[in-house]
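In what follows, a single structure is set out as structure tokens and then discussed.
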Amino acid sequence: MPAVGQLGDEIIVLDSGSQDDTVAIAENLGAKVFVNRNWQGFGKQRQLAQSYAGCDYVLMIDADERVTPELRRAIEQVLSAADDDRVYSLGRRNLFLGRFMRHSGWYPDRVNRLYARERYRYNDDLVHESLNTLGARIVPLQGDLLHLTCRDFFAFQRKQLHYAQEWATQRHTAGKRCGYFSILTHTLGAFCKTWLLRAGFLDGKQGLLLAVVNAQYTFNKYAALWALGRNYSEK
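Going by the numbering used here, the first residue of the sequence shown is number 18, and it counts up by one from there.
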């Protein structure tokens, strides 16, 4: 938070019910802190956070992301001559098990995060939400947004399971179904895409582990969707 403290007029922190000292730390650093335990998905959580802001521009970052000095300078230049017709994309530099992933489809992992508050908003997706940029010109900024993807492997796995369930629930609600064979093909495809097509093998041991993790995540997504479609549950 200190890295972004002087970029704007306010810092908004929306906590979803953390069990650590996040709220107290954020308040001590001068942030306006709000708590929302009524979880309705990542898209609506971002919408709610944006609704608390009163500034003209929003820089949306997650708790496990850090603004590097080069990116901060680029953001300062943008804010000195802002253009509401533009949405600015930030290149994420993902760290996975101690390694900066240059391949595997993880760099530059561009995300649209700097935009005019009153013109753009996030969609309602439960997971893998995105900013509605209709009519906007997407402008990439120099500098990286450091993403501490996996500081704790078990916590990372729990998060992946949560994402998979949210994804499956969203697809099921939209009337989507999948067959047993589809689970297998998507899982194998996820591994090959990360390891071969996106050159994950150039990321060493972490590249192989990430390919396996992506395959596992994909398996969980489609297996959950398959089970929801058949209403399987323990009685």
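C-beta: ideal position from N, C-alpha, C; glycine also.
Query raised in the report: Quick one, are the C-beta atoms of residue 136 and residue 101 less than 8 Å apart?
Result: yes
Requested in this report: Give me the Cα-Cα distance between residue 42 and residue 221, rounded to the nearest whole angstrom.
Outcome: 37 Å
Query - Through-space distance from residue 238 to residue 186, alpha-carbon basis - result: 9 Å
Query raised in the report: Considering only residues of the region 126–181, which uninterrupted beta strand (DSSP E) runs meet the minimum length of 3 residues and lie entirely inside it, listed in chain order?
Result: 126–133, 154–167
Query raised in the report: Under 8 Å between the Cβ atoms of residue 28 and residue 66?
Result: Cβ atoms of residue 28 and residue 66: not closer than 8 Å.
Query raised in the report: Of all the options 242, 104, 215, 231, which has the alpha carbon lying nearest to the alpha carbon of residue 199?
Result: 242
**Report entry** From 90, 47, 33, 39, residue whose alpha carbon lies closest to that of residue 62
**Finding:** Comparing C-alpha distances from residue 62 to each of 90, 47, 33, 39 shows the shortest one belongs to 33.
**Report entry** Beta-carbon contacts of residue 226 that lie in its chain and below 7 Å, excluding the five residues immediately before and after
**Finding:** 114
Requested in this report: Locate the alpha helix (DSSP H) running through residue 113, then write down its first and last residues.
Outcome: No alpha helix (DSSP H) contains residue 113, which is instead part of the beta strand (DSSP E) from 103–113.
Query - Which listed residue (95, 216, 56) has its alpha carbon closest to that of residue 156 - result: 95
Report task. Would you decide whether residue 82 is buried or exposed? Buried here means 16 or more other CB atoms lie within 10 Å of its CB. Result -> buried
Query raised in the report: Under the rule that 16 or more other beta-carbon atoms within 10 Å means buried, what is residue 171, buried or exposed?
Result: exposed
Report task. Identify which residue in 104, 213, 247, 207 has its Cα closest to the Cα of residue 158. Result -> 104
Query raised in the report: residue 91: which of 139, 106, 229, 77 sits nearest, CA to CA?
Result: 106
Query - Length of the line joining the Cα atoms of residue 77 and residue 120 - result: 25 Å
Requested in this report: Would you identify the three-state DSSP class for residue 61, choosing helix, strand or coil?
Outcome: helix
Query raised in the report: Around the C-beta of residue 111, are 16 or more other C-beta atoms found within 10 angstroms, so that it is buried, or is it exposed?
Result: buried
Report task. Please state whether DSSP places residue 193 in a helix, a strand or coil. Result -> coil
Query raised in the report: residue 24 by DSSP, collapsed to three states: which one?
Result: coil
Query raised in the report: Between residue 146 and the rest of its own chain, which residues show a CB-CB distance below 8 Å, the 5 nearest in sequence each way excluded?
Result: 58, 59, 60, 63, 139, 140
Query raised in the report: Quick one: what does DSSP say residue 89 is sitting in, helix, strand or coil?
Result: helix
Query - 8 Å Cβ shell around residue 69 - same chain, five flanking residues per side excluded - result: 29, 31, 49, 51
Requested in this report: Using a threshold of 8 Å, state whether the C-beta atoms of residue 204 and residue 244 are closer than that.
Outcome: no
Query - Reduced DSSP category for residue 252 - H, G, I as helix; E, B as strand; rest coil - result: Because the pLDDT of residue 252 is 47, which lies under 50, any placement of that residue in the model is unreliable, and the question is left without a value.
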